[in-house]
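Going down the list, the sequences are from chains Y and V. Counting in the numbering used here, the first sequence runs from 30 upward without gaps. Counting in the numbering used here, the second sequence runs from -15 upward without gaps. Backbone N, C-alpha and C fix where the C-beta goes; we use that ideal spot for every residue, glycine too. Only a predicted model underlies this, so the values are computations on that prediction, with no experimental measurement involved.
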Amino acid sequence: MAENISILVVDDEESVRDSLYNWFIEDGYQVDCAENAKQALSVLESKNFDIILADIKMPGMDGLEMHRRIKSLNKESIVIIMTAFASVSTAVQALKDGAYDYITKPFDPDDLSHLIRNAANQISLVAENEALRNKVVTLENVEDLIGTSEAMMKVLKEVEQVAQSNSPIIISGESGTGKELIARAIHYNSQRKFFPLVSVHCGALTESLLESELFGHEKGAFTGAMFNRKGRFEMADGGTIFLDEIATISSKMQVELLRVLETKTFVRVGGNKEISSDFRIICATNRDLLKMVKNGTFREDLYYRLNVVNITIPPLRDRIEDIPLLVNYFIEKYCTSMSRNIISIHQAALKRLEKYDFPGNVRELENMIERAIVVGNENEIRLKDLPLEKDIMSNTSESLDDLEKKFIQQILNKYDWNISRSAKALNVDRVTLYNKIKKYSLKQSK
Amino acid sequence: MDKQSILLISHGHFDSDFLEKIARDVGLQFHLDVQLEESHMDLSDFYYSDRRQYDGNSLLKEIDSLAYAQSIKKVGLFRVDLFIPILTYIFGQAILEGNSGIASLYRLRNEQYGMKKDEKLLLNRFAKIIIHELGHTFGLIHCHIPVCVMRSSTYVEDIDQKGKDFCTPCRAKLDLD
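In structure tokens:
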């Protein structure tokens, strides 16, 4: 886009002209310079410029007068006035006369980039929108989403349907199912793909860190904050923000997030300037958000604001037909990265994998394959290379009771302490399970 | 014609191990020989006390005026805060399709932003700035691909978002022969 935008810099100071010339040339704009208003007007008679950046104080005709003359030549031209602190009032006059904006010297590099980008966007918005609207919608960049099972095809279909919209999305699924990959697929198939996909793992940050991470902070906001810092919402401008483990955010952050989603504006920590950002939000969780809403631990209004589209990724045990494909994909991936010949997997090992429950889902399978390639010395992955039975057998110091207690606790946690489902998974009746819970004093962790 | 190479000229104290890692990263991107040199130039002539910063334009001119063969791309590495008259600060700058660039470490440190010191991150950031500025000397302009090292970065967070590598179109435009 920048290559098609022309800029005329008008300033009597050579160092300013040179600096701006170099700055814009690096961005790919076509740049010309004029050292006074007279020269600028003479250039404008023979050549049109999309953006004119003019100093307000120049010898001879000042920037304001020049601006009026430019507007009489071409009403559509975008004029940005540069001013020093002392002349803000004259800059306001320029705005009243129809200048696009004004900027105070010296500029923050980010402010200058934003200003020019916004002006350039305005120029090319109509044509760009048309081009984007006509873009053929087919899924791209989904090489990491492996699977041909009905469940996975349904997810991919949903990705294709929602990618082009701007609606907020919640991606649900157990840990390790690939929620971030789905978020990536949505972003890279949306019209926002040329802008950043910014990921935040909410669960890994304390409330204050998350606040600073999301909204940024101003210089001096807290001890050690020597410079301004951009927040993730600001960085996602034009693109997508992906909030992983959304269920872990505090009630204070839920309120803040709701406000940002409603207004698409926010203030950096320690700042007072309102910043706006055009982002799409995608959240992920492995918890039941609706249940949290009913418990009062997640705000209902935020839930409905986020849950415009819901994509649920099935656990691996519900799409075992994808396991051979995934195994081959990971074998190829890790053999290539380790510069080894591509190996195969023994049928017995594959059969065992297909019977395994995979509480850690695809991530667990990936780790198993990587480990098997590292520890195995042969041309194929064999049962002994997989950490399935072996790990259970290695706990020889534990008694049978200890193992039983641990296993029941795992199953209960997995099914969120749903007694019927846990009993079914353990192949015992509910009463037996209750008796075991009592015997081992098992408790639901909070 | 002489074989093309890159010269990184450090000003102020840089850890030699740090510079060697930077040189390795730069060399990997350009497939060129990268040399390190220490400069003891007095920077006080470039200091602006009213801004408490160093003039990036003059420093770039100074680096460009150093007498080296045309086949050598030079980048001045600084620890001080740089500005150009129109901007509050710069991480670096270069002469487009020229032979010289400058890069500053000053605003890349996590500690400046109230964050925990992170040497690895600092090294990555600095390497990206240097590779980016060298990219300009090879005629590359800013790229819109988010992960490309030629993506424009005005904040450190922007630097962290992109990678050290050139995207395929930018790499294709790099004419190193």
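At a beta-carbon threshold of 8 Å, none of the residues of chain Y lie near residue 85 (chain V); the nearest stands roughly 11 Å away. Contact between residue 254 (chain Y) and residue 306 (chain Y) is ruled out by a C-beta separation of about 20 Å, above the 8 Å threshold. Secondary structure of residue 130 (chain Y) (DSSP, three-state): strand. One finds 97 and 98 in chain V with Cβ atoms closer than 7 Å to the Cβ of residue 254 (chain Y), taken in chain order.
Sorting Y:263, Y:417, Y:98 and Y:309 by C-alpha distance to the C-alpha of residue 141 (chain V) places Y:263 at the top. Here residue 93 (chain Y) carries a helix assignment [DSSP, helix/strand/coil]. Chain-ordered, the chain Y residues with CB closer than 7 Å to the CB of residue 68 (chain V) read 48. Nearest C-alpha to residue 312 (chain Y) among Y:269, Y:324, Y:63 and Y:404: Y:269. The three-state secondary structure of residue 126 (chain V), taken from DSSP, is coil.
CA-to-CA, the gap between residue 473 (chain Y) and residue 464 (chain Y) works out to about 15 Å. Under the three-state reduction of DSSP, residue 98 (chain V) is assigned to coil, being neither helix nor strand. Checking the DSSP bridge columns, you'll see residue 77 (chain V) partnered with V:86. When secondary structure is reduced to three states using DSSP, residue 385 (chain Y) falls in the coil class, being assigned neither helix nor strand. Put simply, the CB of residue 258 (chain Y) is near chain V, with a gap under 8 Å to one of its CB atoms.
Note that the C-beta distance between residue -12 (chain V) and residue 49 (chain V) is not below 8 Å. Residue contact check for residue 36 (chain V) against chain Y: no CB pair falls below 8 Å. Within a 10 Å sphere around the beta-carbon of residue 88 (chain V) sit 16 or more other beta-carbons, which makes this residue buried. Pairing residue 205 (chain Y) with residue 341 (chain Y) gives a Cβ-Cβ distance that is not under 8 Å. The DSSP assignment places complete alpha helix (DSSP H) segments of no fewer than 4 residues inside the region 29 to 56 of chain V at 40 to 49, in order along the chain. Residue 105 (chain V) sits in a helix when the DSSP states are folded into three classes.
Around residue 297 (chain Y), the same chain offers 244, 245, 246 and 247 as residues with beta carbons nearer than 6 Å, after the five sequence neighbours per side are excluded.
Using a CB distance cut-off of 8 Å, residue 139 (chain V) counts as an interface residue toward chain Y. For the region 208 to 236 of chain Y, the set of positions with a beta-carbon nearer than 8 Å to some beta-carbon of chain V reads 223, 224, 225, 226 and 227 in chain order. Considering only Y:376, Y:220 and Y:214, the residue with the shortest C-alpha distance to residue 356 (chain Y) is Y:376. Residue 77 (chain V) has a beta carbon lying within less than 8 Å of a beta carbon in chain Y. DSSP, reduced to helix, strand and coil, places residue 252 (chain Y) outside both helices and strands of the structure shown, so it counts as coil. The DSSP-derived three-state label of residue 415 (chain Y) is coil. Within chain V, 125 and 126 have C-beta atoms less than 7 Å from the C-beta of residue 57 (chain Y), given in sequence order. In the three-state scheme derived from DSSP, where H, G and I count as helix and E and B as strand, residue 288 (chain Y) is classed as helix.
In chain Y, no part has a C-beta under 9 Å from the C-beta of residue 89 (chain V); the shortest such distance is about 14 Å. A contact between stretches requires three or more CB pairs, one per stretch, nearer than 8 Å, and the region 319 to 331 of chain Y fails this requirement with the region 140 to 149 of chain Y. Per the Cβ contact rule, the region 30 to 46 of chain V is not in contact with the region 128 to 148 of chain V (fewer than 3 Cβ pairs under 8 Å). For residue 120 (chain V), the residues of chain Y that pass the 8 Å Cβ criterion are 55, in the order they occur in the chain.
Close to chain V, meaning a Cβ-Cβ distance shorter than 9 Å, are the following residues of the region 135 to 150 of chain Y: 135, 136, 137, 138, 139, 140, 141, 142 and 143. In this structure, the straight-line span from the alpha carbon of residue 289 (chain Y) to that of residue 240 (chain Y) is close to 12 Å.
Residues 203 and 204 of the same chain have their beta carbon placed closer than 6 Å to that of residue 315 (chain Y), with the five preceding and five following residues left out of the count.
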